[in-house]
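Visitor: Just so we're aligned: 6 in UniProt numbering is position 6 of the sequence shown, and the numbers increase by one with no gaps anywhere.
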Amino acid sequence: MKVWKAEEFSGLYKGAIPASASLLFVRAFITPSGSFPATMKSDINWIIVVLITLYLPFMMFGLRAATTSHNLRIAQWKTNVHLLFTPAELSPPPRSLLGRISSFGPLKYLSRLPFTHLFNPLYPTAFVTYILSLTLSLAIQSAMLPMKNMGDVLEHATSGKPRGALELAVMFCLAIVGVLVGTPLDIVTTRMAVQQWHGNQEDLEEARELDKGRIARADGLSLTCDEIKYKNSYDCFIRIVREEGWGTLYRAWGFTFLEVFFLLL
Numbered sequence: 001m002k003v004w005k006a007e008e009f010s011g012l013y014k015g016a017i018p019a020s021a022s023l024l025f026v027r028a029f030i031t032p033s034g035s036f037p038a039t040m041k042s043d044i045n046w047i048i049v050v051l052i053t054l055y056l057p058f059m060m061f062g063l064r065a066a067t068t069s070h071n072l073r074i075a076q077w078k079t080n081v082h083l084l085f086t087p088a089e090l091s092p093p094p095r096s097l098l099g100r101i102s103s104f105g106p107l108k109y110l111s112r113l114p115f116t117h118l119f120n121p122l123y124p125t126a127f128v129t130y131i132l133s134l135t136l137s138l139a140i141q142s143a144m145l146p147m148k149n150m151g152d153v154l155e156h157a158t159s160g161k162p163r164g165a166l167e168l169a170v171m172f173c174l175a176i177v178g179v180l181v182g183t184p185l186d187i188v189t190t191r192m193a194v195q196q197w198h199g200n201q202e203d204l205e206e207a208r209e210l211d212k213g214r215i216a217r218a219d220g221l222s223l224t225c226d227e228i229k230y231k232n233s234y235d236c237f238i239r240i241v242r243e244e245g246w247g248t249l250y251r252a253w254g255f256t257f258l259e260v261f262f263l264l265l
C-alpha cells in the first residue's frame, strides 16, 4: 500500500522488464516436466553456464529497480543503469575480470560493448547463492520425474484425469522442503544483489573520474543494522541471523512456497 500511495501503478512494475528478461535465461530451456529438450541434452553443461552468466545482470537490474526510490522510465534505460549501478560496477575494462579475459585475441572487441560493464559486479553479488537456488529448483523438479502420471497442468486438464492424493501430498512436502531451503537463499541472494559494490578505494577514485559529467546517484539501500557492507554470501547469512534473527530469513516464506508449488504443477 505504501508503494501504491507513493508511486502508484508504475512503482509496482519498475523491475518488470529486466525481471521478465532474466527468465529467458533461466527457465526457457527447462520443459514443464522438469526435463531438458532432447536437442539440448548433449550441450546442457555449457548452456547452463552461459545462461547463468547472462541471467545475473538482469536479475540484479530487476531487484535494484524494484527496491529503488527513483522513478524509472522504460525509454531512459541508460539513465536507469547509472542510477542503479555504482561507478565501480560500471567501470570499463581492463580493470574488470571480463576485461582481463577479453584482452586476448579477437575477444578484446567484446570489452567495448556497453552491456559488458554489467558483468563487473557478478562476483561480489549473488553468484554463489544463485547457483544454489538453481540447483535446488532442478533437484525438486528431478525428484518429481519418477512419479507416475506426472505432467503439466494442461495435460491433466485436457485428459480429465485429476492428480492423486498421494501425488499432491508429495508435491506439498517437496514445496515445504523448497521453502525451508529456498527462502533463506532468496533473502541472501536479494540482499547481495541489491547491495552496491564500490570496489577498493583506488578503483572507486578512478571510477569517479570516469563518471564526471554523469547524473547524480543516490546512496544505496541500508540493508544491515550497523550499515557495514556484507563481505560475501556466508557473511550475509550469519549477520542476518545475528542481527535480525531467523524470522527475517523466513518472512517471505509464503511467496517462496507458492513459487515452488506452482513450479511442481
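The beta carbon of each residue, even a glycine, is placed where N, CA and C say it ideally should be.
The structure presented is a predicted model; accordingly, all values stated were derived computationally and were not measured.
For residue 257, collect the residues of the same chain with a Cβ closer than 7 Å to its Cβ; drop the 5 residues on either side in sequence, then sort them by chain order.
Guide: Excluding residues within five positions, the ones whose Cβ falls inside 7 Å are 175 and 179.
Visitor: Are the beta-carbon atoms of residue 79 and residue 196 separated by less than 8 Å?
Guide: Contact flag unset, no.
Visitor: The alpha helix (DSSP H) spanning residue 242 covers which residue range?
Guide: Segment 233 to 244, the alpha helix (DSSP H) holding residue 242.
Visitor: Could you give the residue range of the alpha helix (DSSP H) that holds residue 83?
Guide: It spans 77 to 84 - the alpha helix (DSSP H) in which residue 83 sits, taken as one unbroken run.
Visitor: If you measure between the beta carbons of residue 194 and residue 64, is that distance less than 8 Å?
Guide: Yes, the Cβ-Cβ distance between residue 194 and residue 64 is below 8 Å.
Visitor: I'd like the list of long-range same chain contacts for residue 252, defined as Cβ closer than 8 Å, with 5 residues on each side in sequence excluded.
Guide: For residue 252, where only same-chain residues beyond five positions count, the Cβ hits under 8 Å are 183, 186 and 187.
Visitor: Could you have a look at residue 74 and say whether DSSP puts it in helix, strand or coil?
Guide: Three-state DSSP puts residue 74 in coil, outside helix and strand.
Visitor: Do you know whose CA, among 245, 192 and 247, lies nearest residue 230's CA?
Guide: Ranking the options by Cα distance to residue 230, first place goes to 192.
Visitor: Quick check on residue 230: does DSSP put it in helix, strand or coil?
Guide: In this structure, residue 230 counts as coil in the three-state DSSP scheme.
Visitor: From the DSSP output, in three-state form, read off residue 90 for me.
Guide: In the structure shown, residue 90 sits in coil (DSSP, three-state: anything other than H, G, I, E or B).
Visitor: Could you compute how far the alpha carbon of residue 244 sits from the alpha carbon of residue 189?
Guide: Roughly 17 Å separates the two Cα atoms.
Visitor: Residue 61 to residue 90, Cα distance in whole Å?
Guide: When rounded, the distance between both Cα atoms is 13 Å.
Visitor: Which of the three DSSP states, helix, strand or coil, is assigned to residue 193?
Guide: The answer is helix: DSSP assigns residue 193 an H, G or I state.
Visitor: For residue 64, does the three-state DSSP call read helix, strand or coil?
Guide: Helix, per DSSP.
Visitor: Is it buried or exposed, residue 66, if we count other Cβ atoms within 10 angstroms and call 16 or more buried?
Guide: With 16 or more other Cβ atoms within 10 Å, it is buried.
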